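Protein chains in written order, with this note's numbering: chain A, 177 to 369; chain B, 2 to 191.
We treat Cβ as the ideally placed atom computed from N, Cα and C, and that holds for glycine.
In this text the structure is predicted, and so the values were computed from the model without any measurement.
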Amino acid sequence: MKKAAFLLTAFFALAIAGSAQGIAVGATMENFSLPMAGKGTMTSLNEQKGKNGAVVMFLSAQCPVVKGYIERINAVADDYKAKGITFIGINSNATESAEWVASDAAQNFRFPMLIDKGNKLADKLGATVTPEAYYINAKNALLYHGAIDNDRSGENITDTYLRTAFDQTLAGQKVTNTRKNAFGCSIKKATVQ
Amino acid sequence: MFISSSFYRKTALCAVFAFVMMPTVFAQKAKPAASAALKVAGPQVTQIDIEGLKKLLKPNGKPLLINFWATWCDPCREEFPDLVKLNGEYKGRVDFITVSLDDLDDIATLVPKFLREVKAEMPAYLLKTPDESAAITLVAKDWSGNLPLTVLYNAAGEPAYTRPGKFQYETLKDEVEKVVMQPSKATAKR
Numbered sequence: 177m178k179k180a181a182f183l184l185t186a187f188f189a190l191a192i193a194g195s196a197q198g199i200a201v202g203a204t205m206e207n208f209s210l211p212m213a214g215k216g217t218m219t220s221l222n223e224q225k226g227k228n229g230a231v232v233m234f235l236s237a238q239c240p241v242v243k244g245y246i247e248r249i250n251a252v253a254d255d256y257k258a259k260g261i262t263f264i265g266i267n268s269n270a271t272e273s274a275e276w277v278a279s280d281a282a283q284n285f286r287f288p289m290l291i292d293k294g295n296k297l298a299d300k301l302g303a304t305v306t307p308e309a310y311y312i313n314a315k316n317a318l319l320y321h322g323a324i325d326n327d328r329s330g331e332n333i334t335d336t337y338l339r340t341a342f343d344q345t346l347a348g349q350k351v352t353n354t355r356k357n358a359f360g361c362s363i364k365k366a367t368v369q
Numbered sequence: 002m003f004i005s006s007s008f009y010r011k012t013a014l015c016a017v018f019a020f021v022m023m024p025t026v027f028a029q030k031a032k033p034a035a036s037a038a039l040k041v042a043g044p045q046v047t048q049i050d051i052e053g054l055k056k057l058l059k060p061n062g063k064p065l066l067i068n069f070w071a072t073w074c075d076p077c078r079e080e081f082p083d084l085v086k087l088n089g090e091y092k093g094r095v096d097f098i099t100v101s102l103d104d105l106d107d108i109a110t111l112v113p114k115f116l117r118e119v120k121a122e123m124p125a126y127l128l129k130t131p132d133e134s135a136a137i138t139l140v141a142k143d144w145s146g147n148l149p150l151t152v153l154y155n156a157a158g159e160p161a162y163t164r165p166g167k168f169q170y171e172t173l174k175d176e177v178e179k180v181v182m183q184p185s186k187a188t189a190k191r
């Protein structure tokens with residue numbers, strides 16, 4: 177009986193730990209549906225995904241780091257759209273109104289922006305920072321998670337993590353760097369933790 | 002009055018020379034004046050790389066509180082006065098260190114300006130590394146790089162409390178108090 181209780185406790189502890197860490201590289205990202213900023217209509221990951229996959233990118237309308245990346249994000253999104261990889265922006269910041277997000281998205285991004293009210297998707301995937309990218313293949317398997325490149329300023333980029341992950345996958349190779357972090361803004365979550 | 006043609010030529014040459022050189026002279030004069038105006042008096046901010054960060058994290062027999070922040074980060078600026086307050090309360094018992102992730106260009110301007118405004122006296126550093134990912138993992142394996150981050154180490158160098166995002170003053174004070182009350186361990190693990 178004691179053994180069963182212990183195993184049950186251990187199982188729940190592991191389940192909690194797993195959920196706190198979000199999705200791991202190699203795991204399958206479940207389909208999700210969220211409203212599109214500025215339109216209000218719902219759309220899903222599977223509807224937006226390209227034939228070679230998609231990038232789910234957590235963004236913000238106010239984060240200075242995101243602002244510094246706008247041109248680079250749009251450039252990489254444009255370059256790989258033709259190669260079957262689409263971009264889906266996600267805004268999970270409780271401090272940014274739907275109107276603000278819609279106007280920022282219309283002004284700055286050339287791909288759809290979805291509103292993650294209550295940061296449920298961010299919590300599910302373990303997203304905490306903006307910008308933060310999750311690159312999945314056509315079967316929704318996570319291939320790369322993290323930063324866009326290794327230089328916020330854009331002046332001394334020596335490693336384009338996301339582009340490299342795309343190029344390796346499109347060439348039929350394994351992604352060598354599957355997880356890279358960079359400093360950015362905290363996602364301002366609705367729930368105080 | 003007779004003025005020779007060579008005088009005209011010399012005058013014209015001088016005028017052309019002065020016209021060509023004017024921007025250079027002005028630029029040379031303007032540059033130091035502009036940078037002097039931008040530089041602010043304030044706490045010394047020391048540039049470090051990942052090796053410097055490793056040295057900072059080495060235990061020295063005293064608890065350490067390290068805060069990662071940037072002037073562009075709203076919650077970082079908001080929590081900073083509480084950090085200054087805690088530093089004042091635990092001075093001598095806990096080492097407080099701040100590490101800025103601002104651009105290197107801001108090391109003598111925006112960063113010390115803000116530190117002066119909030120009356121920060123703790124040692125201040127600015128981290129510049131081509132591999133931020135390695136620095137982030139060095140500090141905390143589960144950290145994605147979101148600012149601010151506060152990590153409290155006990156005297157043995159073990160992380161006692163890690164807070165990504167804005168900290169709550171009372172919670173952090175309780176954690177610092179716990180670490181201060183802990184008997185120091187002989188083995189250092191940081």
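Can you pull the chain A neighbours of residue i, defined as C-beta to C-beta under 9 Å?
i, result
"B:P76", "C361, S362 and K364"
Output needed for residue i: all residues of its chain with C-beta closer than 6 Å, excluding positions within five of it in sequence on either side, in chain order.
i, result
"A:G294", "A366"
"B:T47", "Y126"
"A:Y320", "Y311, A341, V351 and T354"
"B:I137", "W144 and G146"
"A:C239", "T306 and C361"
"B:I49", "Y126 and L128"
"B:F97", "L66, N88 and M123"
"B:L84", "N68"
"B:R164", "T151"
"A:A213", "V277, A278, A281, M289 and I291"
I'd like the list of long-range same chain contacts for residue i, defined as Cβ closer than 7 Å, with 5 residues on each side in sequence excluded.
i, result
"A:S124", "Summary: the structure shown does not reach residue 124 of chain A, with chain A confined to residues 177 through 369, and so no result is reported for it."
"A:N357", "G322 and A323"
"B:L111", "T72 and D103"
"A:L346", "N228 and K259"
"B:E133", "G146"
"A:Y245", "P307 and I324"
Is residue i helix, strand or coil by DSSP?
i, result
"B:D50", "coil"
"A:K364", "coil"
"B:L128", "strand"
"B:F27", "In this prediction, B:F27 scores a pLDDT of 36, lower than 50, which makes its location untrustworthy; the coordinate-derived value is nonetheless stated afterwards. The answer is helix: DSSP assigns B:F27 an H, G or I state."
"A:A230", "strand"
"A:R248", "helix"
"A:M289", "strand"
"A:D299", "helix"
"A:T217", "coil"
"B:P182", "Reading off the sequence, residue 182 of chain B comes out as Met, not Pro. Note: B:M182 maps to helix in three-state DSSP."
"B:L102", "coil"
"A:V305", "strand"
"A:Y311", "strand"
"A:K356", "strand"
"B:Y91", "coil"
"B:W70", "strand"
Cβ of residue i less than 8 Å from any chain B Cβ?
i, result
"A:N284", "no"
"A:F287", "no"
"A:T336", "no"
"A:N269", "no"
"A:E206", "no"
"A:N326", "yes"
"A:A200", "no"
"A:A323", "yes"
Just the chain B side, please: which residues come within less than 7 Å of residue i by C-beta, in chain order?
i, result
"A:K356", "S134"
"A:V305", "S145, G146 and N147"
Kindly list, in the order they appear in chain B, the residues whose Cβ is closer than 9 Å to that of residue i.
i, result
"A:E272", "Going along chain B, no residue has its Cβ under 9 Å from A:E272, so there is no contact; the nearest lies around 12 Å."
"A:N295", "Result: empty, since nearest Cβ-Cβ is about 12 Å, beyond 9 Å."
"A:P240", "A71, W73 and C74"
What does residue i touch in chain A if you count any residue whose Cβ is under 8 Å from its own?
i, result
"B:W70", "Under the 8 Å cutoff, chain A gives no residues; its nearest Cβ is about 10 Å from B:W70."
Is residue i close to chain A, meaning its C-beta is less than 8 Å from at least one C-beta of that chain?
i, result
"B:G166", "yes"
"B:M23", "Low per-residue confidence applies at B:M23: pLDDT is 40, beneath 50, and the placement is therefore not dependable enough to give any value."
Find the residues of chain B that neighbour residue i, judging by a C-beta separation of less than 8 Å, and give them in chain order.
i, result
"A:S329", "D104"
"A:E308", "S145"
Take residue i and list the residues in its own chain whose beta-carbon comes closer than 8 Å to its own, dropping the five residues that flank it on each side.
i, result
"A:R286", "N250, A253 and D254"
"A:D327", "I333 and T334"
"A:A230", "L221, Q224, I261, T262, F263, I264, Y311 and I312"
Should residue i be counted as a contact of the ligand ZN given a C-beta to heavy atom distance under 7 Å?
i, result
"B:K59", "The ligand ZN is not part of the structure shown, which contains no ligands of any sort."
Going along the chain, which residues of the segment 125-143 of chain B sit with their C-beta nearer than 8 Å to a C-beta in chain A? P131, D132, E133, S134, I137, T138 and D143
Closer than 7 Å, Cβ to any Cβ of chain C: which residues of the segment 97-115 of chain B, in chain order? No chain C is part of this structure, whose protein chains are labelled A and B.
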